[in-house]
Amino acid sequence: MNRRISALLVATAAFLIPACGFAADYPAKPVKIIVPFAAGGAADMTTRLAAKVAEKYLGQPMAVENRPGGGGVTGYAEVAKSRPDGYTLSEVGPSVVIAPLTKKTNFTVDSFTPIVNMVYEPETIACLSDRFKTWEELVAASQANPGGVKISVSGAMASDHLAVLRVLKKSGLKWVCVPTNGSSQAITAMLGGHVDLTIVSPSELSEQVRSGQVAYLLTLAPKRLGEYPELPIAAEKGIEVVDGPWRGLVAPKGTPEEVVAAIEAAFLKAFADPEFVDAYSKAGLPANMWMNRADFTALVDQQKVDIAEVIAETGVKTNK
Numbered sequence: 105m106n107r108r109i110s111a112l113l114v115a116t117a118a119f120l121i122p123a124c125g126f127a128a129d130y131p132a133k134p135v136k137i138i139v140p141f142a143a144g145g146a147a148d149m150t151t152r153l154a155a156k157v158a159e160k161y162l163g164q165p166m167a168v169e170n171r172p173g174g175g176g177v178t179g180y181a182e183v184a185k186s187r188p189d190g191y192t193l194s195e196v197g198p199s200v201v202i203a204p205l206t207k208k209t210n211f212t213v214d215s216f217t218p219i220v221n222m223v224y225e226p227e228t229i230a231c232l233s234d235r236f237k238t239w240e241e242l243v244a245a246s247q248a249n250p251g252g253v254k255i256s257v258s259g260a261m262a263s264d265h266l267a268v269l270r271v272l273k274k275s276g277l278k279w280v281c282v283p284t285n286g287s288s289q290a291i292t293a294m295l296g297g298h299v300d301l302t303i304v305s306p307s308e309l310s311e312q313v314r315s316g317q318v319a320y321l322l323t324l325a326p327k328r329l330g331e332y333p334e335l336p337i338a339a340e341k342g343i344e345v346v347d348g349p350w351r352g353l354v355a356p357k358g359t360p361e362e363v364v365a366a367i368e369a370a371f372l373k374a375f376a377d378p379e380f381v382d383a384y385s386k387a388g389l390p391a392n393m394w395m396n397r398a399d400f401t402a403l404v405d406q407q408k409v410d411i412a413e414v415i416a417e418t419g420v421k422t423n424k
């Protein structure tokens, strides 16, 4: 019996030692970050800029790869089933909470371990500047031709789609929502005149706004934006909606604590790096809206509650 127990202990130790050694050696090779949306969009830009600085502190390259499809589902599904070793991570936003509630997926938000949040921006309604000049002009056109105004969104039941549905419900306006495959495609549809409007983060079209090509009509921020002081918020127009995407980083559930802590530490150092602050500022991104793991985890937990309420409020069909 004693020999049997001893053999079992030796076998157990042999199993555990490599795992402990693995975590201690992390990172021993480049880290892959999946962005579940097309290149060129806000999620892609946010992640690439942050990863470029964070890799200095992690000690290994961080390669960003795009996996667009299904409003984020394709990329999330890939990462959820990846080996939980810290070498495959994912950029996430509200869609990681929304998708499992509205579609059939092989993951939930609990399939991931939050690491850090990189940024938060309010949703903002935009158009070509020669299409509408003001929110009031858009409202008048919408009321004159209900259903005649088209707005592109990054995906069916994506977070920006739900935000638009909330605006329509609160305002009584009727638009046609046109789902695309990521925010970059939604923007292209608007810039090409295929739709009248799109909904974006302010940073996504900052250059076009400065050049006069694009106009921002309304933002779903809690207060007016410092970068756009003349841009009205929804509440000023009688629309009580505050909404906007957060963009964070997660690992597959089961990733060793030491590995998660190492990644978090690298990004927290990056967030304090002048290179990061300068890169985000030049891109029109707020450089002070990041969160550590504890705060990001709390945000995700609250989003589970809030998004479920939004889905119920807008009457969106769920997968239940």
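Counting along the sequence shown from 1, when you hit position 285 you're at 389 in this note's numbering, and nothing is skipped either side.
Backbone N, C-alpha and C define an ideal beta-carbon position, used for all residues, glycine too.
In this text, all values refer to a predicted model and were calculated from it rather than measured experimentally.
Distance, residue j Cα to residue i Cα
i    : j    : result
K136 : L162 : 13 Å
T292 : P172 : 15 Å
A402 : A319 : 35 Å
K373 : S215 : 26 Å
E241 : P204 : 37 Å
P226 : E413 : 19 Å
T238 : G179 : 37 Å
P140 : G174 : 9 Å
S385 : A147 : 16 Å
V345 : P336 : 13 Å
D392 : K208 : Just to set this straight, residue 392 is Asn in the shown sequence, not Asp. So the two alpha carbons sit approximately 35 Å from each other.
L309 : A132 : 38 Å
G286 : G342 : 29 Å
G125 : P188 : Interpretation of G125 is limited by its pLDDT of 49, a score under 50 that renders its predicted location unreliable; the figure taken from the coordinates is listed afterwards. Between G125 and P188, the C-alpha separation is close to 15 Å.
T212 : T359 : 16 Å
K408 : P326 : 20 Å
S246 : A387 : 32 Å
A244 : V280 : 16 Å
G348 : V364 : 26 Å
V420 : D410 : 14 Å
G144 : N170 : 10 Å
Contacting residues, own chain, Cβ-Cβ under 6 Å from residue i (five flanking each side not counted)
i    : result
L389 : V223 and S307
N210 : A181
E159 : P165 and M166
A370 : A158, Y161 and L162
M282 : In the sequence as presented, Met is not what sits at residue 282; that position holds Val. For V282, where only same-chain residues beyond five positions count, the Cβ hits under 6 Å are K254, S256 and V299.
Test item: CB-CB of residue i and residue j under 7 Å
i    : j    : result
T263 : S305 : Just to set this straight, residue 263 is Ser in the shown sequence, not Thr. Not closer than 7 Å, so no.
W394 : F375 : yes
R397 : D300 : no
P134 : F400 : no
I229 : L321 : yes
D377 : V157 : yes
L153 : A383 : yes
A142 : S288 : yes
A155 : V168 : yes
K278 : G251 : yes
V220 : E340 : no
M261 : T206 : yes
7 Å CB neighbourhood of residue i in its chain, flanking five on each side removed
i    : result
T418 : L266, L269, R270 and K273
A290 : S256, V257, S258, T284 and T302
T150 : M222, V223, R351 and L389
S275 : I343
V177 : A203, K207 and T209
Own chain, CB closer than 8 Å to residue i, minus 5 neighbours either side, in chain order
i    : result
T323 : P226, E227, T228, I229, P306, L329, Y332, L335, P336, I337 and A338
I415 : I202, L205, T206, L266 and T422
A366 : Y130, P131, L162 and G190
S186 : T192 and P356
Chain C within 7 Å of residue i, Cβ atoms only
i    : result
L403 : As a matter of chain content, chain C is missing from the structure shown, which is built from one protein chain.
(request) Ignoring anything shorter than 3 residues or poking outside the region 275-351, list the beta strand (DSSP E) runs there in chain order. (result) Those beta strand (DSSP E) runs which fall completely within the region 275-351 and span 3+ residues are 279-283, 301-304 and 318-323.
(message) Count Cβ pairs between the region 255-262 and the region 322-337 that sit closer than 8 Å; are there 3 or more?
(response) Taking a cut-off of 8 Å for Cβ pairs, the region 255-262 and the region 322-337 do not touch, as fewer than three such pairs fall below it.
(message) Using 8 Å as the cut-off, can you tell me whether the region 182-194 makes contact with the region 341-358, which would need three or more C-beta pairs spanning the two stretches below that distance?
(response) Flag = yes, the region 182-194 and the region 341-358 touch.
(message) I'd like the ranges of any alpha helix (DSSP H) spanning at least 4 consecutive residues and lying wholly in the region 146-174.
(response) Whole alpha helix (DSSP H) segments, 4+ residues: 146-162.
(message) Please give me, in chain order, every unbroken run of the beta strand (DSSP E) with length at least 3 that falls completely inside the region 187-263.
(response) Note on the region 187-263: whole beta strand (DSSP E) runs with a minimum of 3 residues are 192-196, 216-224, 228-232 and 253-257, in chain order.
(request) Identify every run of the alpha helix (DSSP H) within the region 371-398, keeping only runs that are complete inside it and at least 4 residues long; order them along the chain. (result) Segments of the alpha helix (DSSP H) lying fully in the region 371-398: 378-386.
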